Each structure stands twice: as C-alpha cells, then as structure tokens.
Amino acid sequence: MRFSGSQFWVIHRRRQYGPFDYQWSKDFSGIELLYQGEKFGEYCSVEEIYADLKPFRLPMRVVEVASVVLGATLYGLLNGLSETEKRENLVSQLRKHGLGRFAESIIHTPHRK
Numbered sequence: 090m091r092f093s094g095s096q097f098w099v100i101h102r103r104r105q106y107g108p109f110d111y112q113w114s115k116d117f118s119g120i121e122l123l124y125q126g127e128k129f130g131e132y133c134s135v136e137e138i139y140a141d142l143k144p145f146r147l148p149m150r151v152v153e154v155a156s157v158v159l160g161a162t163l164y165g166l167l168n169g170l171s172e173t174e175k176r177e178n179l180v181s182q183l184r185k186h187g188l189g190r191f192a193e194s195i196i197h198t199p200h201r202k
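Residue numbers for the sequence shown follow my numbering, beginning at 90 and rising by one.
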C-alpha cells in the first residue's frame, strides 16, 4: 500500500488501485468515502455507515484491504489517536483480518493534492 496524506492506493498483483480518500460532508455531519474522487460511501454515525464499491469492479482483495484501512482511518480520526497510534491500529487491524502482507508493505510518499 502507498499513502500520501489522507489518500492511499492498494497495490495488488503489481497494480495500483486508488486513490481512496475521505472528506467531511458539506454540512460536516458525516464523512464521505471516495474512490478516484467519486463518492462511494459515507459514515454518518456509529450506527449508520454505508459503502458500495461494486460499480468500480475492483478485485475483492482490494475491497477488503480498502475497507479495513478506511475503517481504521475513521476510528483514528474520530477517536483522536496520535499518528503513531493510528499506524499501530492500522497494522493491527490488517493482521487481524488476515491481510498482514499489506501491513508489511506500507509506503509513505510526500502529500500532493
């Protein structure tokens, strides 16, 4: 995986998929989930979250990794975790879900939007 700021790309079978990203909704009541700049889901509350990547026809492994990363990202954001805590939580969640090989290959690049 490759991260740049809030954006990330999932590298699977030598192809990059992304960027995945998030942004606050216009009324600041939720967080929109984005793939290549297009909204595919939204976090509204602990009880209300939806996401649908089906229109993008991504490999299931990419969807699994992106879901775990976005979940860990939202958790860190909403719970005020430090950068170190966010990284540790992300790696832990990837391993917990059988995606440890993605945790071992995280690359950070300078942020450019």
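The C-beta atom is built at its ideal place from N, Cα and C for all residues, glycine as well. Predicted, not measured: the structure shown is a model, and the values here were computed from it.
Cut-off 6 Å between Cβ atoms - residues of its own chain near residue i, not counting five sequence neighbours on either side
i           : result
residue 197 : 92
Cut-off 7 Å between Cβ atoms - residues of its own chain near residue i, not counting five sequence neighbours on either side
i           : result
residue 151 : 99, 101 and 106
Reduced DSSP category for residue i - H, G, I as helix; E, B as strand; rest coil
i           : result
residue 193 : coil
residue 122 : strand
residue 93  : strand
residue 115 : coil
residue 135 : coil
residue 199 : coil
residue 102 : coil
Validate contact between the segment 179-187 and the segment 116-133 using beta carbons, cut 8 Å, 3 pairs: no
Alpha helix (DSSP H) runs contained entirely in the segment 147-178, provided each spans 4 or more residues: Within the segment 147-178, the complete alpha helix (DSSP H) segments of 4 residues or longer fall at 149-167, listed in chain order.
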